[in-house]
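Right, one structure below, let's go through it.
There are 2 protein chains.
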Amino acid sequence: MSLRMGILGLLQYAPMSGYGLKKVFDMSINHFWSASLSQIYRELSWLEANGHVTSDIERQDARPDKRIYTITETGAREFAEWLNAFPGSFGAPRRDEFLLRLFFGAAMDKKLLRRELDDFILMIEKYGKTIREDRIPDFSEVLAQIGEGRITDREALRRASLYWRFTVRRFELVAEASVRWARECIESLEENE
Amino acid sequence: MSLRMGILGLLQYAPMSGYGLKKVFDMSINHFWSASLSQIYRELSWLEANGHVTSDIERQDARPDKRIYTITETGAREFAEWLNAFPGSFGAPRRDEFLLRLFFGAAMDKKLLRRELDDFILMIEKYGKTIREDRIPDFSEVLAQIGEGRITDREALRRASLYWRFTVRRFELVAEASVRWARECIESLEENE
DNA sequence: GGAGACATGTAAGTGGTTACATGATTCC
DNA sequence: GGAATCATGTAACCACTTACATGTCTCC
Numbered sequence: 105m106s107l108r109m110g111i112l113g114l115l116q117y118a119p120m121s122g123y124g125l126k127k128v129f130d131m132s133i134n135h136f137w138s139a140s141l142s143q144i145y146r147e148l149s150w151l152e153a154n155g156h157v158t159s160d161i162e163r164q165d166a167r168p169d170k171r172i173y174t175i176t177e178t179g180a181r182e183f184a185e186w187l188n189a190f191p192g193s194f195g196a197p198r199r200d201e202f203l204l205r206l207f208f209g210a211a212m213d214k215k216l217l218r219r220e221l222d223d224f225i226l227m228i229e230k231y232g233k234t235i236r237e238d239r240i241p242d243f244s245e246v247l248a249q250i251g252e253g254r255i256t257d258r259e260a261l262r263r264a265s266l267y268w269r270f271t272v273r274r275f276e277l278v279a280e281a282s283v284r285w286a287r288e289c290i291e292s293l294e295e296n297e
Numbered sequence: 105m106s107l108r109m110g111i112l113g114l115l116q117y118a119p120m121s122g123y124g125l126k127k128v129f130d131m132s133i134n135h136f137w138s139a140s141l142s143q144i145y146r147e148l149s150w151l152e153a154n155g156h157v158t159s160d161i162e163r164q165d166a167r168p169d170k171r172i173y174t175i176t177e178t179g180a181r182e183f184a185e186w187l188n189a190f191p192g193s194f195g196a197p198r199r200d201e202f203l204l205r206l207f208f209g210a211a212m213d214k215k216l217l218r219r220e221l222d223d224f225i226l227m228i229e230k231y232g233k234t235i236r237e238d239r240i241p242d243f244s245e246v247l248a249q250i251g252e253g254r255i256t257d258r259e260a261l262r263r264a265s266l267y268w269r270f271t272v273r274r275f276e277l278v279a280e281a282s283v284r285w286a287r288e289c290i291e292s293l294e295e296n297e
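Protein chains in written order, with this note's numbering: chain A, 105 to 297; chain B, 105 to 297.
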C-alpha cells in the first residue's frame, strides 16, 4: 500500500519510467521506505491494471526504449485519500537486527561487540558528514533531472523541498542521538569489565 | 531468520510455551522486532521439525494444556553462530509510513498535518514518561516470572539485564531527538504560512 | 452476561527479496 | 576486457498480517 502511494506521489510531479522512479526513490523516499526495482515494476503493473496510471513507450536510439507512466485522475484521488487519512500510523514496524543481536549481547564475543559498536558509529558519522557538507542533493532537483521536460507542476515540486528537508533533518537528529547512545554503550561495557 | 533467532535466544534462558514467548517478546524484543502470535507458533513448528527445539505437553487443570519448548544443542549452536556473525547488518529495513506521508506534506491538509505532529509528540512523551518513572519492568524479571521454575541459567539471565537496558536507552535517546525534530517542523511550518 | 486472559493453531492473502534473463553503450 | 549504467521484466520464495476456529476460567 505505502509503496504504491509513494510511487503515485512521485508521479504527481512528473511522468516517469520504472527505472527513473527507482532513481528518485533511492535518493529520497528510500531513506524511510526502501524498494527494489522488481517491486516497483510489479506495483506499476498493478497500478496500470487498476487504472491508477497509464503508460506510453518512449523510443530511444542509443538506449533501450522506456515505458513512461502517467498518473490518472483515479490515481490522484486515491493518493489524496491515503495522504489525508487520519489517524496516521506512527508505529513503524520495527525490525532492527543490530539491536536484536545487541539484546543478546551477554552471549556475544566481547571483541566482536566492541568492533560492531565502533563500526556503527563510523557508519553514522560518515552519513552525518555527508549532510553537514551539504552533499545531499535536493530531492526536487534530482526529480527535475529525471523528469526532464515532463514536470507537471513546477510550483508543487518547489514546495515539496521543505518537506524533503524535514525528513533529512530527522535523520540528522536521530543520527546524533544514535552516536551518543553507542558511545554510552561502549563506556558502560568498559566499566563492566 | 531474525525472529527465529529471537525465539532461540529467549529459550536459552528458560523453556517456554508459544504464548509465554509472546509475552516476553511483547515487553522486550518487541521494541525492535515485532512478532505476532501466529508467526511465533509457525516458527516454533519449523524449529521443532528441524531439530532446533523439542516440546513437551504440560497438563494444567484450570487452564488449557501448554506445549513447552526446549532448545536443543543444535539450536544453541545455530543461535551462537548467528549472534557472532560479522559484519552485522546495521541497515534496518526502513518502513515508516508517517515519514512517507510527511514527505508528501505539501499536498496535505495543513490542519491535519499539524494535528499529526502534535499527536506524534504526545505519543512519544507518554512513552518517555513511562521510562523516566521507571515503569518499564526489567526484562529478566518478566522472563523469570514466565519461565517459573524452568530457568536454565540464572547467571546468564542476570547478565542480560545490562543489554536490555542498552536497548531501552536507545529508545529514550531517539525519542528525545524525535520530539525536538517534530517541534522544529511545527515551528518551520508556522514560519512558512 | 460480557470482556479479557489463557492457550493453540490453520488458511489466505499481501508485501518484499533474490535470482534469473536479456542486451546495448559508455567509461576506465 | 570488465564494470557500470541504462532499461524491463518474470518466477520462486520468504516473511508477515489478518481472519478464522475453539474452548475454559476469572473478574467486573
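Built from N, CA and C at the ideal position, the CB exists for glycine as well.
Report, in whole angstroms, the separation of the C-beta atoms of residue i and residue j, which I expect to be a contact under 8 Å.
{"i": "Ile144/A", "j": "Lys126/A", "result": "6 Å"}
{"i": "Glu288/B", "j": "Arg273/A", "result": "7 Å"}
{"i": "Phe136/B", "j": "Leu293/A", "result": "Their Cβ separation, rounded to whole angstroms, is 19 Å, which puts Phe136/B and Leu293/A out of contact at 8 Å."}
{"i": "Leu187/A", "j": "Met109/B", "result": "Not a contact, Cβ separation roughly 37 Å."}
{"i": "Glu201/B", "j": "Ala189/A", "result": "Incorrect: roughly 10 Å between the Cβ atoms, too far for contact."}
{"i": "Leu122/A", "j": "Leu151/A", "result": "Per the sequence shown, the amino acid found at residue 122/A is Gly instead of Leu. Gly122/A to Leu151/A, Cβ: 11 Å. No contact."}
{"i": "Ile225/A", "j": "Glu276/A", "result": "Not quite, the Cβ-Cβ distance comes to about 15 Å (not below 8 Å), so this is no contact."}
{"i": "Tyr267/B", "j": "Phe207/A", "result": "6 Å"}
By Cβ distance below 7 Å, which residues in the same chain neighbour residue i in space, the five residues on each side in sequence not counted?
{"i": "Ser282/B", "result": "Ile228"}
{"i": "Pro241/B", "result": "Met131"}
{"i": "Thr178/A", "result": "Gly155 and His156"}
{"i": "Leu221/A", "result": "Ala286, Cys289 and Ile290"}
{"i": "Ala279/A", "result": "Ile228, Tyr231 and Gly232"}
Using C-beta distances below 8 Å, list every residue in its chain close to residue i, excluding the 5 sequence neighbours before and after it, in chain order.
{"i": "Met120/A", "result": "Leu114, Val128, Ile172, Tyr173, Ile250, Gly251 and Arg254"}
{"i": "Ala264/A", "result": "Tyr117, Phe243 and Ser244"}
{"i": "Arg262/A", "result": "Ser244"}
{"i": "Val246/B", "result": "Lys127, Val128, Met131 and Ser132"}
{"i": "Asn134/B", "result": "none"}
{"i": "Asp160/B", "result": "Arg171, Ile172 and Thr174"}
{"i": "Gly209/B", "result": "Leu217"}
{"i": "Gln164/B", "result": "Lys170"}
{"i": "Asp238/A", "result": "none"}
{"i": "Ser106/A", "result": "Trp137"}
Evaluate residue i with the Cβ neighbour count: other Cβ atoms within 10 Å of its Cβ, from every protein chain shown; 16 or more gives buried, anything less gives exposed.
{"i": "Ala139/B", "result": "buried"}
{"i": "Glu182/B", "result": "buried"}
{"i": "Thr271/A", "result": "buried"}
{"i": "Arg259/A", "result": "Per the sequence shown, the amino acid found at residue 259/A is Glu instead of Arg. Glu259/A comes out exposed."}
{"i": "Ile175/B", "result": "buried"}
{"i": "Lys286/B", "result": "Reading the sequence as shown, one finds Ala at residue 286/B and not Lys. Looking at its Cβ environment, which holds 16 or more other Cβ atoms inside 10 Å, Ala286/B is buried."}
Who are residue i's beta bridge partners in DSSP?
{"i": "Val157/B", "result": "Ile175/B"}
{"i": "Glu305/B", "result": "It is not possible to answer for residue 305/B, since the shown part of chain B is limited to 105 through 297."}
{"i": "Arg199/A", "result": "Trp137/B"}
{"i": "Met120/B", "result": "Tyr173/B"}
Kindly list, in the order they appear in chain B, the residues whose Cβ is closer than 8 Å to that of residue i.
{"i": "Tyr267/A", "result": "Leu206, Phe207, Phe208, Gly209 and Ala210"}
{"i": "Phe129/A", "result": "Under the 8 Å cutoff, chain B gives no residues; its nearest Cβ is about 11 Å from Phe129/A."}
{"i": "Asp213/A", "result": "Asn188"}
{"i": "Ser106/A", "result": "Arg199, Glu201 and Leu204"}
Is any heavy atom in the ligand NAD found nearer than 8 Å to the beta carbon of residue i?
{"i": "Arg167/B", "result": "Summarising the ligand content, the structure contains no ligands, and the ligand NAD is consequently not present."}
Beta-carbon within less than 6 Å of residue i's beta-carbon, same chain only, minus the 5 sequence neighbours each way: which residues are those?
{"i": "Arg284/B", "result": "none"}
{"i": "Arg219/B", "result": "none"}
{"i": "Gly124/A", "result": "Ile250"}
{"i": "Leu141/B", "result": "Lys126"}
Closer than 7 Å by beta-carbon distance: list the chain B residues that pair up with residue i, in chain order.
{"i": "Gly113/A", "result": "Phe208"}
{"i": "His156/A", "result": "Near His156/A there are no residues of chain B at all, since even the closest Cβ is about 16 Å away, more than 7 Å."}
{"i": "Trp137/A", "result": "Arg198, Arg199, Asp200 and Leu204"}
Taking Cβ-Cβ distances shorter than 9 Å, what residues in chain B pair up with residue i?
{"i": "Gly122/A", "result": "Ordered by position in chain B, no residue passes the 9 Å Cβ test against Gly122/A, which lies about 19 Å from the chain."}
{"i": "Gly110/A", "result": "Leu204, Phe207 and Phe208"}
{"i": "Ala118/A", "result": "What Ala118/A touches in chain B: nothing, since even the nearest Cβ is about 14 Å away."}
Quick one: which chain A residues come within Cβ less than 7 Å of residue i?
{"i": "Ile235/B", "result": "Near Ile235/B there are no residues of chain A at all, since even the closest Cβ is about 14 Å away, more than 7 Å."}
{"i": "Asp222/B", "result": "Within chain A, no residue comes near Asp222/B; the closest Cβ sits about 11 Å away, beyond 7 Å."}
{"i": "Arg273/B", "result": "Trp285 and Glu288"}
{"i": "Leu216/B", "result": "Asn188 and Phe190"}
{"i": "Arg258/B", "result": "In chain order: nothing, as chain A lies at least about 13 Å away."}
{"i": "Ile133/B", "result": "Leu204 and Phe207"}
{"i": "Glu280/B", "result": "Ala281"}
For a contact meaning CB atoms closer than 8 Å, what does residue i contact in chain A?
{"i": "Asp165/B", "result": "Those do not exist, as Asp165/B stays about 36 Å from chain A at its closest Cβ, beyond 8 Å."}
{"i": "Ala153/B", "result": "Ordered by position in chain A, no residue passes the 8 Å Cβ test against Ala153/B, which lies about 23 Å from the chain."}
Output, in chain order, the set of chain A residues within a Cβ distance shorter than 9 Å of residue i.
{"i": "Ser140/B", "result": "Here the premise fails: no neighbours, minimum Cβ distance about 11 Å."}
{"i": "Arg171/B", "result": "Within chain A, no residue comes near Arg171/B; the closest Cβ sits about 24 Å away, beyond 9 Å."}
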